[in-house]
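Q: So the protein lines, in turn, are chains W and V. Per the working numbering, the first sequence starts with residue 4, numbered consecutively. Per the working numbering, the second sequence starts with residue -5, numbered consecutively. Yeah, the Cβ is synthetic: ideal placement off N, Cα and C, and Gly gets one too.
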Amino acid sequence: MIFSQFIFVLFISVVFSFLVLVRHNRARKLFLLAASYYFYAYWDWRFCGLLLLSTIVDFWIGHALKRTDNERSRTCLLLISLAVNLGMLGFFKYYGFFVESMQTMLSPLGWNLSSLGIILPVGISFYTFQTLSYTIDVYRRKLDVCEDIFDFALFVSFFPQLVAGPIVRASEFLPQLNEYRPLTGTRFFLGFRQFTFGLVKKVLIADHLAMVVDFSFENAGAMDGISTWVGAICYTGQIYCDFSGYSDMAIGIARGMGYDFCPNFNHPFAGNSLTTHWRRWHISLSTWLRDYLYIPLGGNRKGKIRTYINLLLTMLLGGLWHGAAWRFVAWGAIHGSALALEKRFDIHTRIDQGSTLNKFFGWAYMMLVVVIAFVFFRAESFGQAIIIIKHMFDPTTFFTGTHWVPLRAVLCLMFIAATHAISMTRFRHVVELKPDRWYTPVLLFTMIYLVLIFQPTSFKPFIYFQF
Amino acid sequence: MRTVYYWIQGFVIATLLAWFGLRGFISETSNPKWNEVAKDYLEPGKRYCRGEEGYGWVDFSNNGILGGKDGLSKDDRHVVFWGDSFVEAYQVTPSATCYSLFTQITSDAGQDNYQGVAVAKSGRDLGHHIELLALYEDQIPNCKANLVLFDYADITPNGRSLIIDGEPVWKHAVAKPSMLSARQIIADYQLDVFWILAKRTISAVKGLRLRPGPVAPAVPSTSGNDVKYTQDELVQFWQKLADGLVDQEARSGRIIMIFHPRVPQLIDGELSTEVADREHVTQFMQICNDRGLETVDLTDDFVDYYNETGLFVHGFSNTFPSRGHWNVNGHRVVATTAWNYLQTHPEKPRHRDQPRSATQ
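#1: Just the chain W side, please: which residues come within less than 8 Å of residue 264 (chain V) by C-beta, in chain order?
#2: Where does the unbroken beta strand (DSSP E) through residue 156 (chain V) begin, and where does it stop?
#3: Determine the closest residue to residue 312 (chain W) out of W:153, W:240, W:342 and W:454, with distance taken between C-alpha atoms.
#4: Taking the DSSP output, what are the residues bridged to residue 252 (chain V)?
#5: For residue 270 (chain V), does the three-state DSSP call read helix, strand or coil?
#6: So residue 264 (chain W) is in the beta strand (DSSP E); what residue range does that whole segment cover?
#7: Whose CA, out of V:302, V:321 and V:290, lies closest to the CA of residue 338 (chain V)?
#8: For residue 118 (chain V), which residues from the same chain have a beta carbon less than 6 Å from its beta carbon, with the 5 sequence-adjacent residues on both sides left out?
#9: Determine which residues share a DSSP beta bridge with residue 72 (chain V) and list them.
#10: So with CB distances below 7 Å, who are the chain W contacts of residue 0 (chain V)?
#11: What residues of chain W sit near residue 311 (chain V), judged by a beta carbon separation below 8 Å?
#12: May I have a chain-ordered list of the beta strand (DSSP E) segments no shorter than 3 residues that lie completely inside the segment 409 to 444 of chain W?
#13: Does chain W have any CB closer than 7 Å to the CB of residue 336 (chain V)?
#14: Contact between the segment 209 to 218 of chain W and the segment 261 to 279 of chain W: three or more CB pairs below 8 Å?
#15: Measuring straight from C-alpha to C-alpha, what distance separates residue 5 (chain V) and residue 151 (chain W)?
#16: Could you give the distance in angstroms between the alpha-carbon of residue 315 (chain V) and the alpha-carbon of residue 140 (chain W)?
#17: Answer yes or no: does any C-beta atom of chain W fall closer than 7 Å to that of residue 10 (chain V)?
#18: Name, please, each residue of chain W whose Cβ falls closer than 7 Å to the Cβ of residue 187 (chain V).
#19: Give the C-beta separation of residue 251 (chain W) and residue 188 (chain W) to the nearest angstrom, bearing in mind that I take them to be a contact with Cβ-Cβ under 8 Å.
#20: Among V:145, V:241, V:182 and V:192, which has the Cα closest to the Cα of residue 285 (chain V)?
#21: Inspect the beta-carbon positions of residue 229 (chain V) and residue 253 (chain V) and report whether they are closer than 7 Å.
#22: Here's the rule: buried if 16 or more other CB atoms are within 10 angstroms of the residue's CB, otherwise exposed. What is residue 476 (chain W)?
#23: Check the C-beta distance from residue 223 (chain W) over to residue 391 (chain W) and give it rounded, since I have them as a contact under 8 Å.
#24: If you draw a straight line from the C-alpha of residue 33 (chain V) to the C-alpha of residue 154 (chain V), how long is it?
#25: Could you have a look at residue 321 (chain V) and say whether DSSP puts it in helix, strand or coil?
#26: For residue 22 (chain W) and residue 186 (chain W), what's the separation of their Cα atoms in angstroms?
#27: Can you tell me whether residue 313 (chain W) is helix, strand or coil according to DSSP?
#28: Determine the direct distance from the alpha carbon of residue 324 (chain W) to that of residue 339 (chain W), and round the result to whole angstroms.
#29: Which residues in chain W have a C-beta closer than 7 Å to the C-beta of residue 210 (chain V)? List them in chain order.
#30: Going by DSSP, which residues form a beta bridge with residue 162 (chain V)?
#31: Looking only at its own chain, which residues have a Cβ that is under 7 Å from the Cβ of residue 260 (chain V), when we skip the five neighbours before and after it?
#32: Quick check on this structure: which residue in W:331, W:452, W:436 and W:350 has the alpha carbon closest to the alpha carbon of residue 97 (chain W)?
#33: Going by beta carbon distance, what residues of the same chain come within less than 6 Å of residue 303 (chain W), once the five residues before and after it are set aside?
#34: In whole angstroms, give me the CA-to-CA distance for residue 34 (chain W) and residue 192 (chain V).
#35: Helix, strand or coil for residue 114 (chain V)? Go by DSSP, reduced to three states.
#36: Going by DSSP, what residue range makes up the beta strand (DSSP E) through residue 261 (chain V)?
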């Protein structure tokens, strides 16, 4: 079930109707739990078992951690949780990758490994990280154990963020379940507004850019340099609008129902260094990696060299989290190396304190790294990524080949640029569409009309569903 | 209370904005007037737009003849382009279509009394043309040649005009006046925006699934082009089509069959000049030649144009290069080829045995 599908309109109407009619908090939570499992089962009911397994294991481990003060036992319990969750993730997501990589190495010896053709359960990377954050926080004694298994199950499976985030921490969500959250007009408006913004980003921008990107990457090598650049920039715009659109919709739905999630994106291309970019891009993942990987690795407390290594390792694993392929590792390596270099030469501070020209060059460098790294992210293979990057920088192919810069790409990119530019000015409050302004409903309904009329005919699932 | 008022007001204003702002861009319900000559819904003299691949318009004259808006003079030598959406040319301005360019090319060549016109509409196939050739006999005076443009889809048994029911059987291809009055109202008041919304809603409701997944893989459709026919059935089908064309040529005048392939095309980064179902097309053209029909193959002309200019004849800046309908370049190649062929073959040759390009 996708937020932009008709079935979801029916689904959410039933959910909201129930929440309006029923004010008993436990009944509402149980209904939301059932609705979330139905939402997940809509793809494939068989994977509900994994969700349930993850829930039961981490709930039980949380309680076991509460009952014991023996550090050895606690560590053992944490390792069980890590083994089960990462084991599931590893098997479903990385088994094929592992076999493929081993096969490449072993084939000269005449060995053959067979792949099992495993289907990746949607959202597994997201809910695995959520449950892990709970167990680790309980282990660190930063979080009280959840006493109600249904509350915990709802935290793991809450449908707005179940399949593609944002990655919600237990400390952020579980306390909200303890009290009745009334469905007020203001909350409903705020949720509806954010959902509509997300819908516009996804259907009007990301899906139209997808048509340009798909053709451009499919025909990599035949396009001229300019068109190749346009394709790469369009993918950067597409993935931003696709994922931040999904996040907006998820946050909007949750907000409408009375639950608050932290923002996941904050105009990531408005920064002027990769450091600021990562403070604004997929915030729930970057903070998760910081708190549960970078800092435990030693963060910046163990000397400069270790800091750079920790940064690189964190980004490499962040890349691998996105997908089981070397091109995701390359994406992580590019970001990790660039962040380490920024740290080494203190580039972020220098740009921040520098002139406007410095800031512009900082922005251009940040965009260059982001766009190039995303070529690896999108390409079908490592080889295709290299071909595209060669075309982007080879002056001999810059004007030779098929030239194609469609108007829809220009318009969509202008929209993204405009929203980022406005976010940096004092007019940003105007475009927030406040509830007490007469023009707010006009603009929201107009956006919905535009979405309904100009949605592309081919159906495009969210990019992050594959992760 | 004020909030409720704002929301109602907002919905009304947004609806009006959607209707007013988009009616110039979208027209899904055009051609609402039944035309007895064309046996189709046409809107003479009216320009309309389609928003599926891009934006453009078609300027129909009376009786659905393109390029003959001011009436056809008996003094002009008319060359008629018969076709589907390619010739109708949604995304190309009327002055840049193959039939208009043909007139211009002939005029530039000092042949002032030639006029290119077209009888074309999206979805038509060869069977439609055969039936329409009879209907338009009296409408186009001094007709020097009927250029019937086709691709493989137009000679595939698709259940539209000539069906295979054991053996090929004609069914009436032309439309019947059965348009609902509600749809005419939608067209008259330019309520296309709401028509699209209604269509999308109906389609969404039809595709609704409430049961949890996984979804079983779709069973391949067995209708239309998906049906696999035996070689004998196909040959019988093509013979029937060619016989229909020969009969019509005896009454309507010279018919030249022009094959337009979807090449050159970019596929996976490689330039492909391979014509899909080339073997079948060749067989059909041979059947036509055997019956004395002239055939022209545009494959070389399209590929040569790309090799000389680096430009594709299919696709638009807002769609995909090399895919879709003919762009301005494609129309130019078609018009030029048609003129070259008519120049080199002013009269119908007595004997033909091979499909050929215009330069042969």
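A: Looking at the coordinates:
#1: 225
#2: 156 to 159
#3: W:342
#4: V:143 and V:290
#5: coil
#6: Taken as a continuous stretch (DSSP letters only), residue 264 (chain W) belongs to no beta strand (DSSP E), as it is neither H nor E.
#7: V:290
#8: 78
#9: V:109 and V:137
#10: 441 and 444
#11: 407, 408, 409 and 410
#12: Runs of the beta strand (DSSP E) inside the segment 409 to 444 of chain W: none found.
#13: No, no contact with chain W.
#14: Fewer than three beta-carbon pairs drawn from the segment 209 to 218 of chain W and the segment 261 to 279 of chain W are found closer than 8 Å, and the two stretches are therefore not classed as touching.
#15: 43 Å
#16: Rounded to the nearest whole angstrom, the C-alpha separation of residue 315 (chain V) and residue 140 (chain W) is 54 Å.
#17: No, residue 10 (chain V) does not count as interfacial toward chain W.
#18: 456
#19: In fact, because the Cβ distance is near 20 Å, the residues do not count as touching under 8 Å.
#20: Ranking the options by Cα distance to residue 285 (chain V), first place goes to V:241.
#21: no
#22: Chain W is shown only over 4 to 470; residue 476 (chain W) falls outside these bounds and no answer can be derived.
#23: 5 Å
#24: 15 Å
#25: coil
#26: Cα to Cα, residue 22 (chain W) sits roughly 7 Å from residue 186 (chain W).
#27: helix
#28: 14 Å
#29: Within chain W, no residue comes near residue 210 (chain V); the closest Cβ sits about 12 Å away, beyond 7 Å.
#30: V:158
#31: 315 and 316
#32: Ranked by Cα distance from residue 97 (chain W), the first of W:331, W:452, W:436 and W:350 is W:331.
#33: 310
#34: 32 Å
#35: strand
#36: 259 to 261
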